[in-house]
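Adding 177 to a residue's 1-based position in the sequence shown gives its number in my numbering.
Where a beta carbon is used, it is the ideal one built from N, C-alpha and C, also for glycine.
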Amino acid sequence: MKVFRIILLAVCAFPLAADVSQCACDPAKPETMKARECSLCVEAGRHTAEGKFFVLKDNNPRKPNRWLVLPVGHTPGPHHMHEMPKAERAEFWQSAIRLGKEKFGEEWGVAYNGWKVRTQCHAHIHVGHFIQAAENSNFKLVRRVEEFPTPEDAGLWIHPVEGGFHVHAGEQIAETVLVR
Ligand SMILES: [Zn+2]
Ligand SMILES: [Zn+2]
């Protein structure tokens, strides 16, 4: 349990000087997996029997209402969302939304931080209770998950609205719109 907590603390901290542009996690070279930014890649290796995606409870005691959805599969580098095949990306978002609905009904929110603030190489979507007060006018109304944009340089946060989803893009730190 202690290891688990350390992993999640690493995910959730934002040392602004750090980024994931140098990710070298390679399961075929165990020594590379010891790097802190590879913790979630190691974790993914423990969930290979769970299908394409798996769920982790954010075990950071300061974020008791947060969850993460992650792909089981590992790819080299920082696992950029825009490098994922389109169909897989849609499934990734769908899995996160399904969990959000299960936990928070129609008040769910999902967030993907930009690579400049990510401290973990393995792709992960944050799932939580959307903070209504975080709403702003910088959104695109999108009707289908398949049409979610995939900015290469920014994060995304998404919440449900009448007729579809608000997709807010442009910020690096996206997960702060979710209740800790
Ligand atoms: Zn990985
Ligand atoms: Zn909105």
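Is Lys229 helix, strand or coil when you go by DSSP? coil
Where Glu279 and Arg213 are concerned, what is the direct C-alpha to C-alpha distance, given to the nearest angstrom? 31 angstroms
Member of Ala264, His306, Ser272, Cys215 whose CA lies at the smallest distance from the CA of Thr353: His306
Option nearest His336 by Cα separation, candidates Trp292, Cys298, Gly282: Gly282
Would you mind sorting Gly228 into buried or exposed? The rule is 16 or more other CB atoms within 10 Å of its CB. exposed
Tell me whether Ala264 counts as near ligand 1, meaning its Cβ is closer than 7 angstroms to at least one heavy atom of that ligand. no
Find the nearest neighbour of Pro207 within the set Ser198, Gln349, Gly222, Val197, judged by alpha-carbon distance. Gly222
His251 Cβ short of 7 angstroms to ligand 1 heavy atom set: yes
In the structure shown, what three-state DSSP assignment does Phe281 receive? helix
Between the region 234-248 and the region 320-338, do at least 3 Cβ pairs fall closer than 8 angstroms? no
Length-filtered (3 minimum) beta strand (DSSP E) runs lying within the region 229-279: 230-234, 244-248
Please return the same chain residues whose Cβ sits closer than 7 angstroms to the Cβ of Leu247, not counting the five positions on each side in sequence. Leu217, Ala221, Phe230, Phe231, Leu233, His299, Ala300, His301
Drop a sphere of 10 angstroms on the beta-carbon of Ala201, count the other beta-carbons inside from all chains shown, and report buried for 16 or more, exposed for fewer. exposed
Contact check, Val197 vs Arg295 under 8 angstroms by CB: the rounded distance? 5 angstroms
Around ligand 2, Cβ to any heavy atom closer than 6 angstroms, ordered along the chain: Glu312, Phe316, His336, His343, His345
Closest Cα partner of Lys293 within the set Gly277, Val304, Ala331: Ala331
Length of the line joining the Cα atoms of Gly277 and Gln199: 31 angstroms
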